[in-house]
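Taken in sequence, the protein lines are chains C and D. Start counting the first sequence at 1; every next residue gets the next number (this note's numbering). Start counting the second sequence at 1; every next residue gets the next number (this note's numbering). C-beta atoms are modelled at their ideal positions from N, C-alpha and C, and glycine is treated no differently. Data block below; observations after.
2 protein chains.
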Amino acid sequence: MFLLNGVKADTLSLQDRGLQYGDGLFETIAVRNHQLEFWQRHMQRLLDGCQRLRISVPDPELLLAEARQLLDGRGDAVLKIIVTRGQDGRGYRATTDSGSKPSRILAVNDLPDYPADNQANGVVVRYCDTRLGTNPALAGIKHLNRLEQVMARSEWQDEFIFEGLMLAAHGRVTEGTMSNLFFVKAGILHTPDLSHSGVAGIVRDVVLKLARKQQIPVLIGHYNKADFTAADEVFISNSLIGVWPVWRLEQQRFSVGSVTKKLISAVDAACLKDVTHEAI
Amino acid sequence: MFLLNGVKADTLSLQDRGLQYGDGLFETIAVRNHQLEFWQRHMQRLLDGCQRLRISVPDPELLLAEARQLLDGRGDAVLKIIVTRGQDGRGYRATTDSGSKPSRILAVNDLPDYPADNQANGVVVRYCDTRLGTNPALAGIKHLNRLEQVMARSEWQDEFIFEGLMLAAHGRVTEGTMSNLFFVKAGILHTPDLSHSGVAGIVRDVVLKLARKQQIPVLIGHYNKADFTAADEVFISNSLIGVWPVWRLEQQRFSVGSVTKKLISAVDAACLKDVTHEAI
C-alpha cells in the first residue's frame, strides 16, 4: 500500500530521479501500539538529509497526516517514507531551487516477524567482503543509493546469520548492512565514526544520548576487526529491532553484558513514549 | 517515451528495487543515421554489469528489437536502457537466482543540441568538490547509484562550463560527472585507472583500442591535479559527445593537440560504421 504525493498509487513516473539516479532518501519507522516511534527524530533526519541534498523539504505535518491516513487504524506496521527530487532537471543536473517538486512516497508493511529470543540472547553476525564507499558529502544520509548494502546482503543465505558487518576504507568496521554497531570495552561504549561512510541511525543517536544520561562513557572513533575481537560486549541497533546483542561474530562468542542490558531497557522505555508528539 | 518490459508505459511499480535501492544499471546510446552506435560494446558492458550485480541478463536481441520499436523510424536520438533487479526479494536481500524478473526500461529522447564548435575548439571544465566514493565491487559499472554525480553537477550553474572533474580518494582525478578523462604528456596518452571508482565508458575503451592501433603509447594509472596541470593536451569522452578537447581547465588553457585530433578522427570514423551489427 502506497501513497504518492497524498494519493493512493502503485506506480511512479519512469522519469522520476529516484529511479533514474537514486536521487532521494528514505526513513523506516516502526509503528507499535499506534505510535510512530521516534517520529520527531525521523523527521529531523529527513529534513537534514533533504537540506544536504538540496531537495525541497516536505512538511512533517503533512507526512504525519498521510501516514495516519495510510495506516488507517493499524496499530503495528513498518512505515517507509521515500522522498525523491521528482522529475525536475535534465541529466545529472537537478533543479535545486524552491520551485522543484519532490516525490513523496509512503508505504506501510507488516512488522518483520523476528524471534523474541533475539533481544534476550543475541544474534549471529558475520563480516562482509563488500566494502562501504567513502564520501563525506553523502555520509550519514539514509539516501537511495544502496547498492553496496544489496551486494553485501547477497553474500550469505544462511538464515541463522542475522546481519553482516561492513568495513570502509582502512579496514574500518563501520556498520551493518541495515544496522549500526557498538561495542563495550572496559565499561566504555564505542561506536564507529560515520563522518565518511554509513547511515547515522535514529536508534544509534538514542543509544548515545541515553548512555551519556546514565554516565556510561562514550567514544566515537575508527575501529578495526581487532577492536571488535577484543570487545567485552557487542550490539547492533536499528529502528525495527531497537537494540539487539551480538552473541557470535564469525567464530567468536560474546555474552550479553551489563551495559548492553542497561541500554536495551533504556531504549525500550524511550520507545514506549508517544514520540509522535514528544521528543525524548 | 518508454517501453517497460516490451510494453509502452509511463510508470514503474513503486516496489521496484530500482527505485527502492538504486538496484540496477543503465546504458546511454547515441542513435545517429539510424545506427545504434557501439551497440555491441554497450550490450557487453550491460551484460558484464548484470553478472557482477547478479541480475538476470536481458536478451540483447530482444533489447535491439524493442529499441527499434521505440525508435519507430527515428534516425537520431538518445536511447537509454535501464535494467533493474525488479521486485524480487525483501529488504536489501535480493533474489539472485535465475527465477528473478528484472525490469527492462527503454527510453528515447532527443540528442542534446551541443554547439558544433565544441569538438573543434574544445570545452571549459572545472574541478568539483564532491568526491567519488571508492568501491572495487561497484567500480566500472554504470549503475543507478548516481547521487555523487548529481551532487557534483549541482556545484555550478555557469552554462559556459561543460563538465566537472571528480576526484576520488588520495586526490586522484578520476572522471567527469558524465565523461571519461584523458591527458597527453610527451606523446603518451594517459587515462585514470577505474578499478576503484568511476564508470568504464564505452568511448573510453574505443579510444584506448584505437590509440594502441595507431601506436600511441597508453598509460592507465593514478593521476592528481598536478599531472593534469603539466599535461600537453586534455580531452574528455562519452557516448554522446565522442571525444572533445578541453581548452580550459580552471584557469589553465590547453591547445587542441595532435594526439587529440588524431583520436577524434579515429573515433568519428569508428562511429560511422554500422556498429549495430559490426564490432570495431
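Scan the region 141 to 201 of chain C and note each continuous beta strand (DSSP E) run of 3 residues or more that stays entirely inside, going in chain order. You should have 161 to 168, 172 to 176, 180 to 185 and 188 to 192.
Can you check whether the C-beta of C/D72 is within less than 9 Å of a C-beta belonging to chain D? Working through the first sequence from its first residue, we reach residue 72 of chain C at position 72. Chain D has no Cβ within less than 9 Å of the Cβ of C/D72.
Check this for me: beta carbons of C/A94 and D/R131, under 9 Å apart or not? Locating residue 94 of chain C in the first sequence gives position 94, where the first residue counts as 1. Locating residue 131 of chain D in the second sequence gives position 131, where the first residue counts as 1. Not a contact, by the Cβ cut-off of 9 Å.
So, is D/G73 buried or exposed, given that buried needs 16 or more other C-beta atoms within 10 angstroms? In the second sequence, counting from the first residue as 1, residue 73 of chain D sits at position 73. With fewer than 16 Cβ atoms within 10 Å of its Cβ, D/G73 is classed as exposed.
Can you tell me which of the three DSSP states C/I264 falls into? Here residue 264 of chain C refers to the residue found at position 264 of the first sequence. C/I264 falls in the helix class under three-state DSSP.
Just verifying my parser: in three-state terms, what is the DSSP assignment at D/A279? Residue numbering aside, residue 279 of chain D sits at position 279 when the second sequence is read from its first letter. Reliability of the predicted coordinates at D/A279 is poor, the pLDDT of 42 falling under 50, and the value obtained from them is presented with this limitation in mind. Of the three classes helix, strand and coil, the one that applies to D/A279 here is coil, per DSSP.
Should D/R52 and D/L111 be called a contact, given that it needs their Cβ atoms to be closer than 9 Å? Locating residue 52 of chain D in the second sequence gives position 52, where the first residue counts as 1. Locating residue 111 of chain D in the second sequence gives position 111, where the first residue counts as 1. With respect to the 9 Å criterion, D/R52 and D/L111 are not classified as neighbours on the basis of their beta carbons.
D/R131 by DSSP, collapsed to three states: which one? Here the question's residue 131 of chain D lines up with position 131 in the second sequence. Correct three-state label for D/R131: coil.
Below 9 Å between beta carbons: does that hold for D/G24 and D/T84? Here residue 24 of chain D corresponds to residue number 24 of the second sequence, with the count starting at 1. Here residue 84 of chain D corresponds to residue number 84 of the second sequence, with the count starting at 1. Yes.
Using a threshold of 9 Å, state whether the C-beta atoms of D/V125 and D/V243 are closer than that. Here residue 125 of chain D refers to the residue found at position 125 of the second sequence. Here residue 243 of chain D refers to the residue found at position 243 of the second sequence. Not closer than 9 Å, so no.
Does the Cβ of D/A77 have 16 or more other Cβ atoms within 10 Å, making it buried, or fewer, making it exposed? Looking up residue 77 of chain D in the second sequence gives position 77. Flag for D/A77 reads buried.
Measuring straight from C-alpha to C-alpha, what distance separates D/L208 and D/V218? Along the second sequence, read from residue 1 onward, the residue named residue 208 of chain D stands at position 208. Along the second sequence, read from residue 1 onward, the residue named residue 218 of chain D stands at position 218. D/L208 and D/V218 have their C-alpha atoms spaced approximately 7 Å apart.
Using a C-beta cutoff of 9 Å, does D/A137 count as contacting chain C? Taking the first residue of the second sequence as 1, we reach residue 137 of chain D at position 137. Answer yes: the Cβ-Cβ gap between D/A137 and chain C drops below 9 Å somewhere.
Which residues in the same chain as D/H196 place their Cβ atom closer than 6 Å to its Cβ, once the five residues preceding and following it in sequence are excluded? In the second sequence, counting from the first residue as 1, residue 196 of chain D sits at position 196. So the qualifying residues of the chain are T134, P136 and A139.
Using three-state DSSP, classify C/L4 as helix, strand or coil. Position 4 of the first sequence holds residue 4 of chain C. If DSSP states are grouped into helix, strand and coil, C/L4 belongs with the strands.
The alpha helix (DSSP H) that contains C/R17, what's its start and end? Working through the first sequence from its first residue, we reach residue 17 of chain C at position 17. Residues R17 to Y21.
Taking its Cβ as the centre, do 16 or more other Cβ atoms sit within 10 Å of C/S239, making it buried, or is it exposed? Here the question's residue 239 of chain C lines up with position 239 in the first sequence. That one is buried.
Enclosing alpha helix (DSSP H) for D/N118 [first to last residue]: As a position in the second sequence, residue 118 of chain D is number 118, starting the count at 1. Unbroken alpha helix (DSSP H) run through D/N118: D117 to N121.
DSSP-derived helix/strand/coil call for C/V218: Within the first sequence, residue 218 of chain C is the residue found at index 218, counting from 1. C/V218 falls in the strand class under three-state DSSP.
The beta strand (DSSP E) that contains D/A77, what's its start and end? Locating residue 77 of chain D in the second sequence gives position 77, where the first residue counts as 1. For D/A77, the enclosing beta strand (DSSP E) begins and ends at A77 to T84.
Does the beta carbon of D/D193 come closer than 9 Å to any beta carbon on chain C? Residue numbering aside, residue 193 of chain D sits at position 193 when the second sequence is read from its first letter. With 9 Å as the cut-off, D/D193 does not count as an interface residue toward chain C.
At a CB-CB cut-off below 7 Å, which residues of chain C make contact with D/S13? Against the second sequence, residue 13 of chain D aligns to sequence position 13. In chain order: D10 and T11.
Among the candidates C/F162, C/A169 and C/V199, whose CA atom is the shortest distance from the CA of C/K225? Along the first sequence, read from residue 1 onward, the residue named residue 225 of chain C stands at position 225. From the listed residues C/F162, C/A169 and C/V199, the smallest Cα separation to C/K225 is found for C/A169.
Mind checking which residues open and close the beta strand (DSSP E) that includes D/R104? Looking up residue 104 of chain D in the second sequence gives position 104. D/R104 -> beta strand (DSSP E) spans S103 to N109.
Can you give me, in chain order, the residues of the region 143 to 167 of chain C that have a beta carbon less than 8 Å from any beta carbon in chain D? From the region 143 to 167 of chain C, only H143, L144, N145, R146, L147, E148, Q149, V150, M151, A152, R153 and S154 have a Cβ closer than 8 Å to chain D.
So with CB distances below 7 Å, who are the chain D contacts of C/R54? If you number the first sequence from 1, residue 54 of chain C lands on position 54. Here the neighbours are S154.
Can we count C/A9 as close to the ligand HEM, meaning its CB is less than 8 Å from some heavy atom? The ligand HEM is absent from the structure shown, which contains no ligand whatsoever.
Using a C-beta to C-beta distance shorter than 7 Å, which residues of chain D count as neighbours of C/R104? Here residue 104 of chain C refers to the residue found at position 104 of the first sequence. The premise fails here: C/R104 is roughly 12 Å from chain D at the closest Cβ pair, so nothing lies under 7 Å.
Between C/Q215 and the rest of its own chain, which residues show a CB-CB distance below 8 Å, the 5 nearest in sequence each way excluded? On the first sequence, position 215 is the one that residue 215 of chain C refers to. Excluding positions up to five away in sequence, the list is empty.
When DSSP labels each residue in this structure, what does C/A211 get in the three-state scheme? Position 211 of the first sequence, counted from the first residue, corresponds to residue 211 of chain C. Annotated three-state conformation of C/A211 is helix, per DSSP.
Give the secondary structure of D/F26 by DSSP, where H, G and I count as helix, E and B as strand, and everything else as coil. Reading the second sequence from its first residue, position 26 is the one you call residue 26 of chain D. It is a strand residue.
Secondary structure of D/R54, DSSP reduced to three states: For the purposes of this step, residue 54 of chain D is taken as residue 54 along the second sequence, with counting starting at 1. Reduced to three states, the DSSP call for D/R54 is coil.
Measuring straight from C-alpha to C-alpha, what distance separates D/E233 and D/D117? Here the question's residue 233 of chain D lines up with position 233 in the second sequence. Here the question's residue 117 of chain D lines up with position 117 in the second sequence. Spanning the two alpha carbons is a distance of roughly 18 Å.
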